[in-house]
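Read in order, the letters of the sequence shown are residues 193 to 533 in this note's numbering.
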Amino acid sequence: MKTITILLTLMFLNLALPAVQAQEETVWDKIERLEQEREQIKTEEKASLKKKVERINQRRENGELSREEARNLKEEAAKEHAMNIENRVAIIDNKIALLSRGDDEDGFDDEDDEDSFWSWEFDSDKRKYNRTTTHLVLAAGFNNALQEGQSINDSDFEIAGSRFFEIGIDWKTRVFENSNWLRFRYGFSFQFNGLKPTDNRYFVEDENLTQLVEHPMDLDKSKFRMDNLVIPVHFEFGPSVRQETDSDVYFSDYKKFKVGLGGYAGLNIGERQKLKYSRDGDNVKEKNKNDFNTNDFVYGLSAYVGWSGTYLYAKYDLNPIFDDPNVELNNVSVGLRLDLN
């Protein structure tokens, strides 16, 4: 059943992501690219004006121009480049307005109706988009498990050798219609939490007890992994740029500082232990897929802080890894998170 669940979810990811990427690339990516072009136009024209002024100053120093002639040439150059900026920026703004209204051939249109908060709507001649965007989420970093009051230095697991990986789909919805300071993020993710025991130990399951014991052989590898399917939920805070057209208002948080606070809940869909060692000159590999008395349900707190689509990320399982009467160990992870449009 766990294998079927994983396969079905991966199939959904495979089908959903191309459509998601196509939708966002036709609108948000184009708008962000145009916004960058608009800033580049201003930079180019200012740089060109600066060079002209330097040449005029040089001619003035060489005696080719009087003071009055130099001032007039500078004023003409400033007016020329100001007009260039105005005209070129107007073209960019018109393109952004067309995209926002949905007049682009692949465009979407922001729906004003409050009843369409969650929904996609289509009409006969153009598609419309609401204030929800979609992202592929990737995260990776260091993983560990601690008892209450235990520090990372006293952990039973290696710091560098214990790692986690997370992949999922995330939807981001603007909470308020005319403000983007608060966003609601939700989706589903696969979490792969790995632990590497210290001191040549491994997990042994004895009825309802799971304990770390020393292996009789010299272990080359001892790793324990828990796989979870969870629903993460976060409230994201941060600035954004408000853009207005004749018919729409939209917001871009591209290259902005962001903070996300929330948590997750879901199911433990599998656990496994891998051991490698040598015995009588032969390399031995063991894979054990017992349940190890782990909890079937997982839930915890998570947070991230960063710039644009790259964040420092941390999560902490509120549920113990193992059922009672085992020692209460809580999984904790710290690493990097990436949001990919």
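Every residue, glycine too, gets a C-beta built ideally from N, C-alpha and C. Remember, predicted model here, so these are calculated numbers, not experimental data.
Residue of the options minimising C-alpha distance to residue i
| i | options | result |
| --- | --- | --- |
| isoleucine 461 | Asn249, Ile351, Phe484 | Phe484 |
| glutamate 278 | Lys234, His327, Leu291 | Lys234 |
| isoleucine 351 | Asp474, Asn336, Trp363, Glu358 | Asn336 |
| glycine 527 | Tyr508, Glu224, Glu399, Gly255 | Tyr508 |
| asparagine 420 | His407, Phe382, Gln403, Leu453 | Phe382 |
| lysine 447 | Leu521, Gln435, Pro431, Gly458 | Pro431 |
| arginine 323 | Asn392, Trp363, Asp346, Gln232 | Trp363 |
| phenylalanine 357 | Ala506, Asn518, Pro517, Arg252 | Ala506 |
| glycine 454 | Leu467, Phe429, Arg252 | Phe429 |
| leucine 291 | Arg280, Lys266, Leu521, Asp221 | Asp221 |
| arginine 377 | Asp474, Thr325, Tyr394, Glu256 | Thr325 |
| leucine 404 | Gly379, Glu229, Asn518 | Asn518 |
| serine 414 | Pro389, Glu399, Glu406 | Pro389 |
| asparagine 482 | Glu397, Asp472, Glu256 | Glu397 |
| arginine 434 | Asn370, Asp391, Glu399, Lys477 | Asn370 |
| glycine 498 | Asp515, Asp445, Lys477 | Asp445 |
| glutamate 399 | Glu267, Asp474, Asp515 | Asp515 |
| glycine 473 | Asp410, Glu268, Ser525 | Asp410 |
| glutamate 231 | Arg280, Val245, Lys266 | Arg280 |
Where residue i sits in the DSSP three-state scheme
| i | result |
| --- | --- |
| leucine 257 | coil |
| glutamine 250 | helix |
| arginine 280 | helix |
| alanine 274 | helix |
| aspartate 391 | coil |
| alanine 352 | coil |
| glycine 323 | In the sequence on display, residue 323 carries arginine and not glycine. Arginine 323: coil per DSSP, three-state reduction. |
| asparagine 336 | strand |
| tryptophan 310 | Residue placement at tryptophan 310 is poorly supported in this model, since its pLDDT is 39, which falls under 50; the coordinates still yield a value, given next. Coil at tryptophan 310, not helix or strand. |
| serine 343 | coil |
| asparagine 372 | strand |
Beta-carbon proximity check, residue i vs residue j, cutoff 7 Å
| i | j | result |
| --- | --- | --- |
| histidine 273 | leucine 241 | yes |
| threonine 511 | tyrosine 491 | Sequence check: residue 511 is asparagine here, not threonine. In this structure, tyrosine 491 lies closer than 7 Å to asparagine 511 by Cβ. |
| leucine 328 | leucine 532 | yes |
| alanine 262 | isoleucine 248 | yes |
| asparagine 523 | asparagine 385 | yes |
| isoleucine 284 | isoleucine 223 | no |
| histidine 426 | glycine 452 | yes |
| asparagine 372 | phenylalanine 443 | yes |
| tyrosine 456 | aspartate 412 | no |
| glycine 379 | isoleucine 361 | yes |
| leucine 530 | leucine 330 | yes |
Where residue i falls, given that 16 or more other Cβ within 10 Å makes a residue buried
| i | result |
| --- | --- |
| lysine 238 | exposed |
| asparagine 286 | exposed |
| leucine 374 | exposed |
| glutamine 465 | buried |
| methionine 418 | buried |
| glycine 259 | A quick correction: the sequence has arginine, not glycine, at residue 259. The residue is exposed, with fewer than 16 neighbouring Cβ atoms inside 10 Å. |
| alanine 214 | Note that alanine 214 has pLDDT 47, beneath the 50 cutoff, so the model's placement of it is unreliable and the number below is only indicative. Exposed is the call here. |
| isoleucine 513 | buried |
| phenylalanine 368 | exposed |
| proline 408 | exposed |
| proline 424 | buried |
| serine 354 | buried |
| aspartate 346 | exposed |
| threonine 402 | buried |
| asparagine 264 | exposed |
| lysine 243 | exposed |
| phenylalanine 489 | exposed |
| alanine 282 | exposed |
| aspartate 348 | buried |
| serine 343 | exposed |
| threonine 486 | buried |
| valine 422 | buried |
| leucine 387 | buried |
| arginine 366 | buried |
| glutamate 463 | buried |
| leucine 521 | buried |
| serine 494 | buried |
| serine 500 | exposed |
Residue-level contact to chain B via CB, residue i, 7 Å cutoff
| i | result |
| --- | --- |
| glutamate 520 | Checking the listed chains, one finds no chain B in this structure; it contains a single protein chain. |
Near the ligand MG: residue i beta-carbon under 6 Å from a heavy atom
| i | result |
| --- | --- |
| asparagine 336 | Summarising the ligand content, the structure contains no ligands, and the ligand MG is consequently not present. |
Which parts of the segment 382 to 469 are runs of the beta strand (DSSP E), unbroken and 3 residues or longer, counting only runs that do not cross its ends? 393 to 398, 401 to 406, 411 to 429, 433 to 436, 441 to 444
Runs of 3 residues minimum, wholly inside the segment 459 to 527: which ones carry the beta strand (DSSP E) assignment? 474 to 480, 489 to 499, 502 to 509
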